[in-house]
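>
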Amino acid sequence: MLQRWRAESGPREDREFTSFHAYIPPQIEALEPLVSGALISECETALDEISRLDAEYGKHLAPLSGMMLRTEAIASSKIEDEHATVEDYLRAFYGNRSNRSALAIVHATEAIDHLLENGINKANILESHRMLMADAGLEAMYAGNYRKVQNWIAGSDHSPRGALHIPPPPGEVSRLMHDLITFSNRNDIPVLVQASIMHGQFENIHPFTDGNGRIGRAMITALLRQRGYTRYTTIPIAAAFASRRHDYFRTLWAYRDGDAHPIVRLIAESIRVASQESRVTAQRLVEMPGTWDFKAGNPRGHSAAGEIIERLSAAPFLSSEYLEETMNFSASASHRAIAQLTDAEIIREITGKKRNRVWVAADVIDELKSLELRIGERMANFAI
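In terms of full-length UniProt numbering, the sequence shown opens at residue 1 and continues consecutively.
#1: Quick check: is the beta carbon of residue 216 nearer than 7 angstroms to any beta carbon in chain C?
#2: Can you tell me the Cα-Cα spacing of residue 220 and residue 4, whole angstroms?
#3: Can you list, in chain order, the residues of its chain whose CB lies under 7 angstroms from that of residue 121, leaving out five sequence neighbours each side?
#4: What are the boundary residues of the beta strand (DSSP E) that residue 359 is part of?
#5: Alpha carbon to alpha carbon, how far is residue 264 from residue 344? Give it in angstroms, no decimals.
#6: Tell whether a beta-carbon distance below 7 angstroms holds between residue 337 and residue 384.
#7: Quick one: what does DSSP say residue 329 is sitting in, helix, strand or coil?
#8: Please state the DSSP three-state secondary structure of residue 83.
#9: Can you name, in chain order, every residue of its own chain whose Cβ lies under 7 angstroms from the Cβ of residue 19, other than the five neighbours on each side?
#10: Which partner residues of residue 21 appear in the DSSP bridge assignment?
#11: Return the first residue and the last residue of the beta strand (DSSP E) that residue 147 is part of.
#12: Can you check the stretch 113-190 for any alpha helix (DSSP H) of at least 4 residues that lies completely inside it and give the ranges in chain order?
#13: Would you mind sorting residue 242 into buried or exposed? The rule is 16 or more other CB atoms within 10 Å of its CB.
#14: Between the Cα of residue 397 and those of 217, 210, 59, spot the shortest distance and give me the residue it belongs to.
#15: In the DSSP output, which residue or residues are listed as bridge partners for residue 382?
#16: I need the boundaries of the alpha helix (DSSP H) containing residue 29, first residue and last residue.
#17: Would you decide whether residue 283 is buried or exposed? Buried here means 16 or more other CB atoms lie within 10 Å of its CB.
#18: How many whole angstroms separate the CB atoms of residue 274 and residue 237, which I take to be in contact at a CB cut-off of 8 angstroms?
#19: If distances are taken between C-alpha atoms only, which option among 185, 186, 205 comes closest to residue 177?
#20: Go through its chain and collect everything with a Cβ distance to residue 261's Cβ below 7 angstroms, but skip five positions before and after it.
#21: Identify the continuous alpha helix (DSSP H) that holds residue 225 and give its terminal residues.
#22: What would DSSP say about residue 318, mapped onto helix, strand or coil?
#23: Specify the secondary structure class of residue 300 as computed by DSSP and reduced to three states.
#24: Would you kindly work out how many angstroms separate the C-alpha atoms of residue 305 and residue 367, rounded to a whole number?
#25: Identify the continuous alpha helix (DSSP H) that holds residue 256 and give its terminal residues.
#26: In whole angstroms, what is the alpha-carbon distance linking residue 300 and residue 57?
#27: On a Cα-Cα basis, can you pick out the residue from 347, 55, 289, 94 that is closest to residue 276?
#28: Do you know offhand how far residue 240's Cα is from residue 111's?
#29: When DSSP builds the beta bridges, which residues end up paired with residue 350?
#30: Could you check the C-alpha separation between residue 184 and residue 373 for me, to the nearest Å?
#31: In whole angstroms, give me the CA-to-CA distance for residue 134 and residue 73.
#32: So, using beta-carbon positions, are residue 186 and residue 379 closer together than 7 angstroms?
#33: Indicate whether residue 280 and residue 227 have their beta-carbon atoms separated by less than 7 angstroms.
#34: Should residue 360 and residue 319 be called a contact, given that it needs their Cβ atoms to be closer than 7 angstroms?
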């Protein structure tokens, strides 16, 4: 669609730039995707891995769903050059606002969780975006609303001159998103084909001024839950995308140019690998309490240290306030248990402060980091 443009600032080339062609994607509401049998087989293999993970370890991962969500949010944000560790995230979660990237990831977790629990419709997408961008500086004024301005990807900062992708004009966004949401709520399409087309369409519409990538990836997770393929777990697919960031973007441009096969293959392989490695992580989590008991000297089950160990794999971070207010320990019992578990190298303190301190289960945090690394290492050999 040909659009007029006028720039009043920037270099002369931008001020002389007068028109551009915006991309208008075809409607997909009634689309009947044509996908090869081989690709359908890849998708079915990936879904089998999700089912196996959910059946074998879902109940073990369910209590850790919050941490799995945070892992997914960290990886998804990394694709957008927002970098923070799990420890950075937890410091931000407990009120330390000095790391802007970590604070952004706290909001990203809330956004993913909202879509995951409530499903894909206009209200939920807008609310998730509001959560994501609530503390995003100047961008916060656009939080929770479709864009009213033209945006573009790469090229000049002052005009769409030289842009890699120019999404639809703002007047087209609401119509295209209605079409996308209708497609996303169909139940007659293979789910990974549906997720891939939904994601490619969303990213090419680019309906928000910022946060499109994180919301679009959250929608994949939400669709798997909405259609009943995950009950207990969050599949950390963004870790796979982050490890192949350039190729991930290439699949989105291929979708724009009419070829959905690359993004379907990438999503299917990402889910297969992430599900398999999540099973490894789940088995290690199952074994951790026994190891902690031994390291702590086999504390009595009803002692403060013993009760913390029982809950630690499901709730791998704690504070004195949590122990006293939620677990009803006395201050002295809390302090003794924290000291005992710290000395045994089961928990470690992450704030570096003398007040409002937070401890994490070292093995759980290290395992979540390992999960992300293993997914990335395996995805490195995948030929898209």
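A virtual CB, placed ideally from N, CA and C, is assigned to each residue, including glycine.
Once the coordinates are examined:
#1: Structure shown: chain C not included; a single protein chain is present.
#2: In the sequence shown, counting from the first residue as 1, residue 220 sits at position 220. In the sequence shown, counting from the first residue as 1, residue 4 sits at position 4. If I take the Cα positions, the gap works out to 35 angstroms.
#3: Counted from its first residue, the sequence shown places residue 121 at position 121. The answer, listed in chain order, is 181.
#4: For the purposes of this step, residue 359 is taken as residue 359 along the sequence shown, with counting starting at 1. Element bounds for residue 359: 359-361.
#5: For this step, residue 344 is matched to residue 344 along the sequence shown. For this step, residue 264 is matched to residue 264 along the sequence shown. Spanning the two alpha carbons is a distance of roughly 46 angstroms.
#6: In the sequence shown, the residue the question calls residue 337 occupies position 337. In the sequence shown, the residue the question calls residue 384 occupies position 384. Against a cut-off of 7 angstroms, the Cβ pair of residue 384 and residue 337 comes out as no contact.
#7: Numbered from its first residue, the sequence shown carries residue 329 at position 329. Coil.
#8: Residue mapping note: residue 83 aligns to position 83 of the sequence shown, counting from 1. Looking at residue 83 - three-state DSSP - the assignment turns out to be coil, as it is neither helix nor strand.
#9: Taking the sequence shown and counting its residues from 1, the one referred to as residue 19 is at position 19. Only 2, 3, 4, 5 meet the Cβ criterion.
#10: Mapped onto the sequence shown, residue 21 falls at position 21. Note: residue 21 sits in a beta bridge opposite 2.
#11: Along the sequence shown, read from residue 1 onward, the residue named residue 147 stands at position 147. Run containing residue 147: none; DSSP gives neither H nor E here.
#12: 122-133, 170-184
#13: For the purposes of this step, residue 242 is identified with residue 242 of the sequence shown, where counting begins at 1. By the 10 Å Cβ count, residue 242 comes out buried.
#14: Since the displayed the chain opens at 1 and closes at 384, residue 397 lies outside it and no answer follows.
#15: Working through the sequence shown from its first residue, we reach residue 382 at position 382. BP columns for residue 382 are empty, so no partner.
#16: Taking the first residue of the sequence shown as 1, we reach residue 29 at position 29. Where residue 29 is concerned, there is no enclosing alpha helix (DSSP H), given that its DSSP letter is neither H nor E.
#17: Taking the first residue of the sequence shown as 1, we reach residue 283 at position 283. The residue in question, residue 283, is exposed, as its Cβ has fewer than 16 Cβ neighbours within 10 Å.
#18: Translated into positions along the sequence shown, residue 274 becomes position 274. Translated into positions along the sequence shown, residue 237 becomes position 237. 5 angstroms between Cβ atoms; contact.
#19: Taking the sequence shown and counting its residues from 1, one reaches residue 177 at position 177. It is 205 whose Cα lies nearest to the Cα of residue 177.
#20: Position 261 of the sequence shown holds residue 261. Closer than 7 angstroms at the Cβ level, and outside the excluded window around residue 261, lie 39.
#21: Numbered from its first residue, the sequence shown carries residue 225 at position 225. Residues 212-226.
#22: Here residue 318 refers to the residue found at position 318 when the sequence shown is read from its first residue. Reduced to three states, the DSSP call for residue 318 is strand.
#23: Taking the sequence shown and counting its residues from 1, one reaches residue 300 at position 300. Looking at residue 300 - three-state DSSP - the assignment turns out to be coil, as it is neither helix nor strand.
#24: Taking the first residue of the sequence shown as 1, we reach residue 305 at position 305. Taking the first residue of the sequence shown as 1, we reach residue 367 at position 367. Their backbone Cα atoms lie some 22 angstroms apart in a straight line.
#25: Residue mapping note: residue 256 aligns to position 256 of the sequence shown, counting from 1. Run containing residue 256: 245-256, per the alpha helix (DSSP H) assignment.
#26: Residue 300 sits at position 300 when you count from the first residue of the sequence shown. Residue 57 sits at position 57 when you count from the first residue of the sequence shown. Taking the straight line joining both Cα atoms gives about 27 angstroms.
#27: Residue numbering aside, residue 276 sits at position 276 when the sequence shown is read from its first letter. Residue 55 is the option with its Cα nearest to residue 276.
#28: One-based indexing of the sequence shown puts residue 240 at position 240. One-based indexing of the sequence shown puts residue 111 at position 111. So the alpha carbons of these two residues sit roughly 20 angstroms apart.
#29: Locating residue 350 in the sequence shown gives position 350, counting from the first residue. None, per the DSSP bridge assignment.
#30: Numbered from its first residue, the sequence shown carries residue 184 at position 184. Numbered from its first residue, the sequence shown carries residue 373 at position 373. One C-alpha to the other measures close to 31 angstroms.
#31: Here residue 134 refers to the residue found at position 134 of the sequence shown. Here residue 73 refers to the residue found at position 73 of the sequence shown. Straight-line Cα distance between these residues: approximately 16 angstroms.
#32: Working through the sequence shown from its first residue, we reach residue 186 at position 186. Working through the sequence shown from its first residue, we reach residue 379 at position 379. No.
#33: In the sequence shown, the residue the question calls residue 280 occupies position 280. In the sequence shown, the residue the question calls residue 227 occupies position 227. In this structure, residue 227 does not lie closer than 7 angstroms to residue 280 by Cβ.
#34: As a first step, residue 360 must be located in the sequence shown, where it is residue number 360. As a first step, residue 319 must be located in the sequence shown, where it is residue number 319. No, they are not a contact pair.
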